[in-house]
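Going letter by letter, the sequence shown gives residues 4 to 177 in the working numbering.
First up is the structure itself, then whatever we jot down about it.
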Amino acid sequence: MRAVASRSLEDLDPRVQARANAVLADASGRVDLLVYCTHRPVTEQARLYRKGRPFSEIQAKADELDTRYGRPGLAEVLISVGPQYGPRIVTHAGPGQSLHNYGLAFDAVPLEGGKPVWGTEADEDLALWRAFGDLVRQNDLEWAGDWESFTEFPHAQLRGADWRDLIRDARGDG
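Here it is, written out as structure tokens:
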């Protein structure tokens, strides 16, 4: 089992891999992109979920994974990764609840002068993110920059995919 997230497009589901390659090809000359996360193992998802949360929320998520989704192994992963310090919540997805866990999502960031552009406050930075979003949509992927809650500009995923349909299957445990 891999311990950290992959950056390789080869670790994506073939449908997403083809679309991600198309996004990168279409970006040429428009926006320079760096893919920094493709497949994410459930252990890494658990670490991300724990950041910025009190243990009571973590325990509640573990209970949900066990009882609602029938995945006591995922609940154990969430508890066993131990404390993850950070001042803010970075994801609402616990282990098995992210399409990254199934190779159905990737994260990318636009580059300006070879450096990642994480901000969206400056008009020119937001324009780079919007260009990425356009490319994602043009290649039949869903862009999390369009989400109304918990907007996530770097995130692109297979349109119509839902982790709820996948979580009971152990394929996302890697």
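Glycine residues also receive a C-beta, built at the ideal position from the N, C-alpha and C atoms.
- In the same chain as E145, and ignoring 5 residues on each side of it, the C-beta atoms closer than 6 Å to its own belong to Q160 and R162, in chain order.
- In this structure, the alpha-carbon of N142 lies about 17 Å from that of L37.
- Closest option to G55, judged by alpha-carbon separation, among L114, G73 and Y88: Y88.
- With contacts defined as CB atoms closer than 8 Å, L15 and F109 qualify as a contacting pair.
- Boundaries around W146 are those of the beta strand (DSSP E), L144 to W146, since no alpha helix (DSSP H) includes it.
- Taken through DSSP and simplified to helix, strand or coil, Y39 comes out as strand.
- Ranked by Cα distance from C40, the first of A111, D149 and V19 is A111.
- DSSP places V112 outside any alpha helix (DSSP H); the residue lies instead in the beta strand (DSSP E), whose first and last residues are A108 to E115.
- A Cβ-Cβ distance of about 6 Å is found for the pair G99 and V45, placing them in contact under the 8 Å criterion.
- Taking the C-beta atoms as reference points, R53 is found nearer than 8 Å to I61.
- Among the bridge pairs identified by DSSP, A159 is matched with F109 and W146.
- Taking the CA atoms as reference points, L138 sits about 11 Å from S31.
- Inter-residue distance for W132 and W121 is about 9 Å (C-alpha atoms, whole angstroms).
- Your pair E47 and A8 checks out as a contact, with CB atoms roughly 5 Å apart and the cut at 8 Å.
- The beta carbon of F153 sits closer than 7 Å to those of H95, all from its chain and outside the five residues before and after it, given in chain order.
- Under the criterion of beta carbons closer than 8 Å, S101 and R43 qualify as touching, at roughly 6 Å.
- Across the structure, L68 and H103 are spaced so that their CA atoms are roughly 17 Å apart.
- Spanning the alpha carbons of K118 and V84 requires a straight line of approximately 31 Å.
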